[in-house]
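Asker: In order, the protein sequences belong to chains C and W.
Take the first sequence: its position 245, counting from 1, is numbered 245 in the working numbering, and each next residue is one higher.
Take the second sequence: its position 164, counting from 1, is numbered 414 in the working numbering, and each next residue is one higher.
The beta-carbon is built from N, C-alpha and C at its ideal position, and this holds for glycine as well.
Since this is a predicted model, take the numbers as computed values, not measurements.
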Amino acid sequence: MSSPTVIQIENISKSYAGAEFPAVNNVSFSIQKNEVFGLLGPNGAGKTTIISLLCGLFPPSSGKITINGSDLQSELSKVKNEIGVVPQDIALYPTLTGRENLEFYGTMYKVAKKDLKERIDLWLEKLEMSKSADKRVSSYSGGMKRRINLIAGILHNPSILFLDEPTVGVDVQSRAAIMLHLKELNASGMTIIYTSHHLEEAEKFCTDVAIIDNGHIITRGNPIELINENEGCKNLEEVFLKLTKIKLRD
Amino acid sequence: MRQLLAAIKKETLLLVRDRIGLAILFIMPMVLIFVMTIIQDAAFRTLNEQGIPIVLVNADQDSLGNRIEFGLSNTDLCVLHTEIDGEIATLETVRKAVQEGQFLIGIIIPEGATDAIENNVSSLVSASLGMEDETVGAQSAEIQLIIDPVAAKSFVVSITSRLREFISGVKARIMFETFNTQIAELIPEDLGVETGTYNGEPIITYAEEYASELTGDVQPNAVQHNVPAWTIFSMFFIVLPLVSSMMKEKEEGTVFRFHTIPTSYFLQIIAKIFVYIIVCMMQFFLMISIGLFALPLIGLPELELGNSYSGILLIALGCSIAATGYGVLVGTLATTQQQGSILGSLSILVLSAIGGIWVPAYIMPDTMRTLSEMSPLHWGLDGFYGLFLRGEGIGDMIPHFLKMLIFFVVCIGLTIGVQRFKRRG
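(1) In angstroms with no decimal places, state the Cα-to-Cα distance between C/Ala210 and C/Ser61.
(2) Give me the chain W residues within the contact set of C/Leu96, using Cβ-Cβ distance strictly less than 9 Å, ordered along the chain.
(3) Mapping DSSP to helix, strand and coil, what is W/Phe671?
(4) Below 8 Å between beta carbons: does that hold for C/Glu165 and C/His197?
(5) Give the residues from the stretch 551 to 564 of chain W that approach chain C closer than 7 Å (Cβ to any Cβ), ordered along the chain.
(6) Which stretch, first to last residue, makes up the alpha helix (DSSP H) that contains C/Ile50?
(7) Along chain C, which residues have their Cβ under 7 Å away from the Cβ of W/Ile511?
(8) Starting from C/Val36 and walking both ways along the alpha helix (DSSP H), at which residues does that stretch end?
(9) Nearest CA to the CA of W/Ala472: which residue from W/Leu374, W/Ala584, W/Val406, W/Val609?
(10) For C/His156, which residues of its own chain have a beta-carbon under 8 Å away from its beta-carbon, when the five flanking residues on both sides are left out?
(11) Within the stretch 179 to 207 of chain C, note down every full alpha helix (DSSP H) run reaching 4 residues or more, in order along the chain.
(12) So, are the CB atoms of W/Asn476 and W/Met286 less than 8 Å apart?
(13) Strictly by DSSP, which residues pair up with W/Val329?
(14) Based on DSSP bridge pairs, tell me the residues matched to C/Lys14.
(15) Measuring CB to CB, does C/Thr191 end up less than 8 Å from C/Lys47?
(16) Pull the bridge partners of C/Ile67 from the DSSP assignment, please.
(17) Closest Cβ-Cβ distance between C/Gly215 and chain W: below 8 Å?
(18) Check whether the stretch 517 to 529 of chain W touches the stretch 564 to 584 of chain W, counting contact only when three or more Cβ pairs, one atom from each stretch, lie closer than 8 Å.
(19) I want to verify the contact list: residues of chain C whose CB lies under 9 Å from the CB of W/Glu502, in sequence order.
(20) Which term fits W/Leu543, buried or exposed, when burial requires 16 or more other beta carbons within 10 angstroms of its beta carbon?
(21) W/Leu354 and W/Thr332: beta carbons closer than 8 Å?
(22) What three-state label does DSSP hand C/Val209 in the structure shown?
(23) Please name the residue, chosen from W/Gln290, W/Cys569, W/Leu395, that lies closest to W/Leu627 on a Cα-to-Cα basis.
(24) Any idea what DSSP makes of C/Thr97, helix, strand or coil?
(25) Do you know whose CA, among W/Gly594, W/Leu265, W/Thr510, lies nearest C/Leu161's CA?
(26) Between the alpha carbons of C/Pro94 and W/Glu502, how many angstroms are there, rounded?
(27) Give the straight-line distance between the Cα atoms of W/Leu517 and W/Ala257, rounded to the nearest whole angstrom.
(28) Could one say the Cβ of C/Pro59 lies closer than 8 Å to chain W's Cβ atoms, at least one of them?
(29) Cβ closer than 7 Å: which chain W residues qualify as neighbours of C/Cys55?
(30) So C/Ile219 is in the beta strand (DSSP E); what residue range does that whole segment cover?
(31) Quick check: C/Leu150 and C/Val86, are their CB atoms within less than 8 Å of each other?
(32) Taking just the CA atoms, how far does C/Lys183 sit from C/Glu238?
(33) Can you tell which of W/Leu395, W/Gly271, W/Arg423, W/Phe429 has its C-alpha closest to the C-alpha of W/Ser378?
(34) Along the stretch 61 to 80 of chain C, what residues have a CB closer than 7 Å to any CB found in chain W?
(35) Please report the straight-line C-alpha distance between C/Pro42 and C/Leu241, rounded to a whole angstrom.
(36) So C/Phe104 contacts chain W; which residues on that side make the cut at Cβ distance below 7 Å?
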């Protein structure tokens, strides 16, 4: 029996004011519970726009998005309680400590005070940030900031987690730690929607990927199946280059 | 409520840990109050107290020349000199000295100025009594003023008014004496009519009174005018750190996160407004304290607060909410830190200029005076002037406060509109 659908996207398009072409053009797909779904594409392909639409940051120009059975537009508040977002930017306050940032965001997610403290301590421990938790974020390395950025998005135990390039600019150790704990979260039942330019990482991590370019989905499937389907390709990166061509993007 | 308290705590920590920002918020307004009050006080003294150097050439050496010399020597309007570098002043040396900036005005009373008045009066009296005019000589003379171009027009007007006053006094006395002499010639001596003496006492005097409810000796002065004006100006400059805080959140990506969490983004805005209103009120108390305690230490008058402390608090609160509301709107409209800073600072400069902070609104042209009524800084300033100078009470402050409250509501309404428009993409 297949897993239930947690995200259903039907014919969504998004055009920005003054733009010549739509950033997302008539895209439809669905994501099943417990999937690790990779949204891959070159710069300007429409990945961040799709993530932003799924997070309810702004409405689509047309089409419909349903998350956990709720219409995103009409039940946005309900949906926001069920999703977690780890943005591409380090969305933390540099002059606050790691712990102060986490306490603040946890409170904004309405996590009970007692639970919040426990969860913060637990995640700081897991991601080896306990010793640095009371130092200001501005003193952290890129990897440490990424780890706190991740914790801030999962403190409320969301059932769906959006990750926009969560490992960009971090060292191998931090990346390994982040990916390890993301796998743990997925194993515990969390659905993960993930964008990245690290195709090797995506190949290992994702159960399903969609390659997007110029606002359209070009292909979708399990990474291994996609490699097998595309003759001459030995890995996901070669599939990606074959489908999106080598032409440089703005 | 827990979310609001957390947001307020976050805003407070961000503010407290930004030491340069804090210094700008509190030290710069203090410096501004000191500098502007001292400068404006000097201008006040220039016109009203003493120290303006004036040089006089009294070539007349008669009633008019002597009256002017005596009068200007005994006025607090200026310091009168009749010598330049130890030599009796002459037209040439006066012209040179004024040109070199040694004196602001040089006054040359020509020889025979009193004679000219006497001749003129004598002709008039003879004509009015139907007698033959036997006057010989000039009937007019010209007093020459040599003015340094930097002299304020108002000061020149003050000096010429004084001169006219002296000339009128001398002319009246000469007229009285001439009449006496001429009439005495017409009346036979055996009638025993005695002629009177001219006492020169003014018939009409002036009584100055300030239209104020305040009792005591509260006089408009540089402190009374400048402390409220620059306090309001500084309070409105809260717009800059507030805009900066909002722009940082946009640029660092925290706003992105706020829009994805279940708590409304406006909770963050409310927290900002709350914290920045507190900062504004602290700025206000600091600057009023400077007027009360620090300015008197450097020889300036102490700020008089009037009769209504509750009125003062109400207007300070009104300014605080208007300033923070405006800051939130600018922070929402701007898309970059630079844009926000320029828009914030320039608009506050314009609002303060039309609001009467730099020059009083009553000397502005009609159009600007009408515009002035639309500046929230003007509402605040008018409120403080009412309290500090006219002795008004809290009841008189309610219209000022309501205007600022409405301004705040409009700013927040526009902020919500702009936010919705932007999120629609």
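Answerer: The relevant details are as follows:
(1) 21 Å
(2) Lys260, Leu263, Leu264, Arg267
(3) helix
(4) Cβ distance < 8 Å, so C/Glu165 and C/His197 count as in contact.
(5) none
(6) 47 to 54
(7) Lys80, Met108, Tyr109
(8) Element bounds for C/Val36: not the alpha helix (DSSP H) but the beta strand (DSSP E), 36 to 40.
(9) W/Val609
(10) Asn81, Gly84, Gly106, Tyr109, Lys110, Val111
(11) 199 to 205
(12) yes
(13) W/Pro303
(14) The partner list for C/Lys14 (beta bridge, DSSP) reads C/Val24.
(15) Their beta carbons are not under 8 Å apart, which means C/Thr191 does not touch C/Lys47 by this criterion.
(16) Answer is C/Ile7, C/Ser70.
(17) no
(18) The answer is yes - the stretch 564 to 584 of chain W touches the stretch 517 to 529 of chain W, with three or more Cβ pairs under 8 Å.
(19) For W/Glu502, the chain C residues whose C-beta falls within less than 9 Å of its own C-beta are Asp89, Ile90, Ala91, Leu92, Tyr93, Pro94, listed in chain order.
(20) Reading the sequence as shown, one finds Phe at residue 543 of chain W and not Leu. The Cβ neighbour count for W/Phe543, taken over all protein chains shown within 10 Å, is under 16; the residue is labelled exposed.
(21) no
(22) strand
(23) W/Cys569
(24) Reduced to three states, the DSSP call for C/Thr97 is strand.
(25) W/Thr510
(26) For C/Pro94 and W/Glu502, the distance between alpha carbons rounds to 9 Å.
(27) 7 Å
(28) yes
(29) The contacting residues are Thr510.
(30) Per the sequence shown, the amino acid found at residue 219 of chain C is Thr instead of Ile. From DSSP, the beta strand (DSSP E) with C/Thr219 extends over 216 to 221.
(31) Yes, Cβ-Cβ distance for C/Leu150 and C/Val86 is below 8 Å.
(32) 25 Å
(33) W/Phe429
(34) Ser77, Lys80
(35) 9 Å
(36) Against chain W, a Cβ distance below 7 Å from C/Phe104 picks out Ala256, Lys260.
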